[in-house]
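For the record, in the first sequence the residue sitting at position 605 is 745 according to my numbering, with numbers rising by one throughout.
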Amino acid sequence: MEYKFKEIEKRWQDYWEENKTFRTEDDYTRPKFYVLDMFPYPSGSGLHVGHPEGYTATDIVARYKRMKGFNVLHPMGWDAFGLPAEQYAIETGTHPSVTTQNNCENFRRQIKALGLGYDWDREVNTTDRGYFKWTQWIFIRLYNTWFDEKQQKGRPIEELEIPEHISKEGKESVQNFIADHRLAYYDDAQVWWCPHCRIVCSNEEVLNDGTHEKCGSLVERKNLKQWMLRIPHYAERLLEGLDGLDWPEGVKDMQRNWIGRSTGAEVEFQIEGSGQSLRIFTTRPDTLFGATYMVVSPEHLLLEALTTDDQKDQVDKYVAQARLKSELDRSDLSREKTGVFTGSYAINPVNNQQIPIWVADYVLMGYGTGAIMAVPGHDTRDFEFATAFSLPILCIMNPHGADEELRTLVLAGKACWTEDGTYVNSVHAGTGLDINNLSKEQGIARTIEWLQERGLGKSAINYKIRDWLFSRQRYWGEPFPVIHWEDGEITLLEDADLPLELPALERYEPGSHGESPLANATSWLIVNDSKGRKGRRETNTMPQWAGSCWYYLRYIDPDNDQEPFSKIKENYWMPVDLYVGGAEHAVLHLLYSRFWHKVLYDLGIVSTDEPYNKLFNQGMILAFAYESKTGAKVPSDLVEERDGSYVHTETGEPLNQIVAKMSKSLKNVVNPDDVVAIYGADSLRLYEMFLGPLDAVKPWVENGVKGVYNFLNRVYKFFADPTHYFTGDEDPEVLKSLHGTIKKVGGDIEALHFNTSISQMMIFTNLCIKKGKVTPETAEAFIRVLGPFAPHLSEEIWQQLKNQSSIAEASWPIYDESFLQEDTHEYPVMINGKLRFKIVLLINLESEEIRKQVLQHETAVKWTGGADPKRFIHVPSKIINIVV
RNA sequence: GCGGAUGUGGCGGAAUUGGUAGACGCGCUAGACUUAGGAUCUAGUUCCUUCGGGAGUGUGGGUUCGAGUCCCUUCAUCCGCACCA
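1) Would you report the Cα separation of Pro968 and Ile937, rounded to the nearest angstrom?
2) Could you tell me the alpha carbon to alpha carbon distance between Val331 and Arg612, rounded to whole angstroms?
3) Report the CB separation of Phe894 from Ile200 in whole angstroms; it is logged as a contact under 8 angstroms.
4) Any idea what DSSP makes of Ser471, helix, strand or coil?
5) What do you get for Gly886, buried or exposed, if any count of 16 or more other CB atoms within 10 angstroms of its CB means buried?
6) What residue ranges within the region 248-310 form continuous alpha helix (DSSP H) runs of no fewer than 4 residues, ordered along the chain?
7) Do three or more CB pairs link the region 752-759 to the region 832-843 at distances below 8 angstroms?
8) Measure the Cβ-Cβ separation of Val1024 and Thr1004 and say whether it is below 8 angstroms.
9) For Glu724, which option in Tyr143, Gly184, Glu157, Gly190 has the closest C-alpha, if you only look at C-alpha atoms?
10) What are the boundary residues of the alpha helix (DSSP H) that Asp383 is part of?
11) Distance, Cα to Cα, Lys146 vs Gln153?
12) Can you give me the Cβ contacts of Tyr693 inside the same chain, cut-off strictly under 6 angstroms, excluding the 5 residues immediately before and after it?
13) Let me know if Arg99 comes out buried or exposed under the rule of 16 or more other beta-carbons within 10 Å of its beta-carbon.
14) Quick check on Cys334: does DSSP put it in helix, strand or coil?
15) Going by C-alpha distance, which of Pro425, Asp607, Asp328 is nearest Asp574?
16) So, for Pro639: in the same chain, excluding its five sequence neighbours on each side, which residues have a beta-carbon less than 7 angstroms away from its beta-carbon?
17) Flag this pair as yes or no: are the beta carbons of Met537 and Ser437 separated by less than 8 angstroms?
18) Looking only at C-alpha atoms, which of Arg248, Val340, Phe904, Leu223 sits nearest to Met216?
19) Does the distance from the CB of Thr266 to the CB of Gly721 come in under 8 angstroms?
20) Which one or two residues does DSSP pair with Met368 in a beta bridge?
21) For Gly92, which of Val1015, Val925, Ile1022, Lys1018 has the nearest alpha-carbon?
22) May I ask you to verify whether the region 904-920 touches the region 978-992, counting CB pairs closer than 8 angstroms and requiring at least 3?
23) Please state the DSSP three-state secondary structure of Glu793.
24) Alpha carbon to alpha carbon, how far is Ser897 from Gln291?
25) Count the other C-beta atoms from every protein chain shown that fall within 10 angstroms of the C-beta of Met141, then say buried if there are 16 or more, exposed otherwise.
26) Give the C-beta separation of Pro657 and Pro650 to the nearest angstrom, bearing in mind that I take them to be a contact with Cβ-Cβ under 8 angstroms.
27) Straight-line CA distance for Val503 to Ala542?
28) Which stretch, first to last residue, makes up the beta strand (DSSP E) that contains Glu406?
29) Note down, in chain order, each residue of its chain lying with its Cβ closer than 6 angstroms to the Cβ of Leu468, except the 5 sequence neighbours on either side.
30) Where Tyr786 and Val359 are concerned, what is the direct C-alpha to C-alpha distance, given to the nearest angstrom?
31) Could you check which residue in Ser1017, Leu975, Gln451, Met178 has the C-alpha nearest to that of Ala1000?
32) When the Cα of Trp498 is compared with those of Thr915, Met829, Leu442, Leu551, which residue comes out closest?
33) Are the region 414-433 and the region 509-517 in contact at 8 angstroms, needing three or more beta carbon pairs?
34) On the DSSP bridge assignment, give the partners of Lys674 in chain order.
35) Tell me the rounded alpha-carbon separation between His788 and Val848.
36) Measure the C-alpha to C-alpha separation of Ala585 and Glu376 and round it to an integer number of angstroms.
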């Protein structure tokens, strides 16, 4: 009765493949459940143990839901455009599609070896012409859509009303006006350029220290013509949509933070001695009385006009330095404030005070208006700057809750107070504004009202999110269905001309100055229209995010060549009920695809406003690593264990065991293929789930696999052996445990608590082994519960129990609550809050009778001395507590 | 600095509404079976103990008959964002 997992797993994987056990039909009469994994980039190194974690979790849910009668969609595919294949092509000349195909095959083989029940007839690949045709089709939709602010809705570009003064100016103005409203537009953009990869990076791909996240080189600023998507138009919708989603709070917050909404006001400051004004954004218009100077960013358009002749040299020098700094010293963390006086003054509208205008790089051009009013009394950055350059500091807020020493300093303008307080110095007879004695909310409201009455400002909302840079100077991506004509006109291909495929190339190197390799494909590149006009195809390609923005929709109808997906099918399957993947996509992929989805929704192409109903992030799987006392990392193959501590094999130096990310340099990477070879796929699946809560970060412990392997062995040896069966009435204890297990495991799967459901199955198995014999009915029910977790082993035993069809098609057993009810309960009895003894009592006993029986117990008498206790607490079916 | 999360045995981790802290597994200890075992099975395993008990869920306090769970305080670790006006 040996557990031959290799044989068993091979047999059932072949069976599933031949019988298409996991094929999903579009049966609209049944309730649907769409469970989705974040599809992988098929890298050359294959799966790591992190992949099967999420995949196993969704597989268990999918199998369980199927057994519960749902029509389940559980597909897999490949996010296959991307740099590594292109890099490999540059090095070897191998076409990326060849590399991609090989990698996909390897991934598919590995995934099938884990017994994951995907419907392979629905496999998608973002690099297939039948797939990216529709990615291009969606791009055309984005191009032909504008966002109606009033309706908060994307609308077809034909419905955009052209204002009269624009149409009067002629065709070109009209075209420009339309272009300014399209969700996709082509324009000069200052972009991040990675000189190493020779590629443009999106803001999201540049790390804090100014390096490219992919290669670690410092990026540079560069001006290039680029495709951009106006995602900020959807900021409000993307923000609102989050509220109704069953997502981890952390992910929602990250998205909110990324969108970065803040409310406040825009205020115009007149520049003294010029007709111009300087506009600023502030979240605290109520602190206008405390604005003692202004600052513009070094890139501000008005800077030149503001700079007086006297200050020109200094300002020019500063701006040049700032530019250099933004390219080289971004990692410089010493945040000392620098800046230069422009020579100009503005008038503070609330008190007609003359205040100096400075230029400083702590003001960012990319946020708000690129200019600020500085309130050094109540803003730490402004305070720092004012102190450094001896600018006046005015307190307008008497601090709440500050000690007297601090209060005195704040009132004297010698310390900064950023919390709430009572307004002081916030009235001016000349301008008529008085907010003294108002609350913060009233102060803000009153000031905005005052500004609006005088046309000096208005309430405003600002977002951090910026237009999405949507093109890359790369070969291995979706080509844009775009032609740039010699007269400057831009046209998009007709739907009927899609897909636009990539040309064959000899060489895949990008140009050194931002030219895509596609620029070398002359015969592909140049086009002529019927009138002989010459045009050039767009040579940029779309970023890798494009394909993953909508893949969940293609699974619904993967072979459709008439439309991206059928409307009826989409209506049935959407939204995704459960989406599982890593937290690294918390912002980018999830925000981008929500954006696309909302546009498609506005255009009536999809039926839901949001794509993913419930999102779950699996925690990363780490591994043990070793470091010396100095913190130097030591590869695992140079470590040995002696008497419970770890030492360096060569030097004998004592080492500490730490937990770290798996990495080649630490030699602690676990390959799922190796685990499958030693313990089998069911053991790997079970261990990945038993390791800990799905969302927790947890280390891989080799010995733990043995634990679950042992469990499966015990299951096999017990349930696959007919001598362990008897016919007749099942032991009540087994029956109770079985029904408890069915209930517990079902509930745990719904809650994604797989670790505790495995514990429960272990408890049940241990009981059965202890009892020695069970009925076949008990075995059948238990094996169905185990099925989603260890499908190969379960199929094997299921078949031995004389079942003809796959266990995947069996129904989930129904538990009977009556087996779970007890007529007696073993009460823990606590005396003064400490457990002293236990007593078995009938559940339906009168409370007087319970009191009597408990107090008669010898241990109770010992503590009470026979006297009546002060209190006697009886919680039915829970606990008894006696206070003496 | 801001936001999110997490602190429980030697280790991974359990503990619906406050109600037996340490389930389940690893490891360890002892025993059985074995030529042998890093196989399998059985028993034990939070710590201290004068064997009556006592202490115990990062720290300190509070509410309660009763707190890992609720409230306040504080420390540590991880993740994300960060000169965002």
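Glycine included, C-beta positions come from ideal geometry on N, C-alpha and C.
So, from the data block:
1) 41 angstroms
2) 11 angstroms
3) 6 angstroms
4) Note that Ser471 scores 44 on pLDDT, short of 50, meaning its location in the model is unreliable and no value can be drawn from it.
5) buried
6) 269-283, 304-308
7) yes
8) yes
9) Gly190
10) 375-383
11) 11 angstroms
12) Before going on, a small fix: residue 693 reads as Leu here, not Tyr. Phe705.
13) Because the chain here runs from 141 to 1024, residue 99 falls outside it and cannot be looked at.
14) strand
15) Pro425
16) Arg269, Phe272, Lys273, Gln276
17) no
18) Arg248
19) no
20) Tyr325, Leu609
21) Because the chain here runs from 141 to 1024, residue 92 falls outside it and cannot be looked at.
22) no
23) coil
24) 48 angstroms
25) exposed
26) 6 angstroms
27) 29 angstroms
28) 402-411
29) Model confidence at Leu468 stands at a pLDDT of 49, short of 50, so the residue's coordinates are unreliable; what they give is reported in the following sentence. If we look at Leu468 and ignore the five residues flanking it on each side, it has no Cβ neighbours.
30) 42 angstroms
31) Leu975
32) Leu442
33) yes
34) Asn668
35) 31 angstroms
36) 22 angstroms
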